[in-house]
Every structure is written in C-alpha cells, then in structure tokens.
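Student: Pasting a structure here, questions to come.
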Amino acid sequence: MEIVGVLALIGYGFGIWKFLSGFRRTNFSSGRVYLALLWPVLIFNKSYRQNFNRALTGR
Numbered sequence: 002m003e004i005v006g007v008l009a010l011i012g013y014g015f016g017i018w019k020f021l022s023g024f025r026r027t028n029f030s031s032g033r034v035y036l037a038l039l040w041p042v043l044i045f046n047k048s049y050r051q052n053f054n055r056a057l058t059g060r
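Take the sequence shown: its position 12, counting from 1, is numbered 13 in the working numbering, and each next residue is one higher.
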C-alpha cells in the first residue's frame, strides 16, 4: 500500500512540474502556483483541462 502512495505523490509532483514548466503556453495570466497545486481537482473543468494539456504537450 505504501508503494501506491509513493507513486501517487510522484505523479502529483510530475504534474505540477510539467504544468509550471509549460505555463507560458496556456491562456492563464495569473495564479500559476494555485493552478499547479490544484490540478487534480481542476482537471475536471474542460477549459482548465485544455490549458493543462497545452502546458504539457505544447499544442
């Protein structure tokens, strides 16, 4: 069970890192840290999901 928690934390950290590194490609102008920390919750919002994908893939 510990391995699942560790993998979840690694995935969460990876999502934050990728979003922050690609933030300039999104339509967002502020709230960079807030948006990065809450990505698991906000990913259910269509607009946020599109910007999150844009930050991750660069498209």
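Ideal placement from N, C-alpha and C gives every residue a C-beta, glycine not left out.
I'd like the list of long-range same chain contacts for Gly16, defined as Cβ closer than 6 Å, with 5 residues on each side in sequence excluded.
Tutor: Counting from 1 along the sequence shown, the entry for residue 16 is found at position 15. The residues are Trp40.
Student: Alpha carbon to alpha carbon, how far is Glu3 from Asn52?
Tutor: Reading the sequence shown from its first residue, position 2 is the one you call residue 3. Reading the sequence shown from its first residue, position 51 is the one you call residue 52. Glu3 and Asn52 have their C-alpha atoms some 32 Å from each other.
Student: Count the other CB atoms, across all protein chains shown, that sit within 10 Å of the CB of Ala9; report buried if there are 16 or more and exposed otherwise.
Tutor: Working through the sequence shown from its first residue, we reach residue 9 at position 8. It counts as exposed.
Student: Between Asn46, Arg50, Thr58 and Leu38, which has its C-alpha nearest Tyr13's C-alpha?
Tutor: The residue you call residue 13 lines up with position 12 of the sequence shown. Here the closest residue by C-alpha is Leu38.
Student: Tell me the start and end of each unbroken alpha helix (DSSP H) in the stretch 13-48 that is at least 4 residues and wholly inside, in chain order.
Tutor: 33-38 and 40-43
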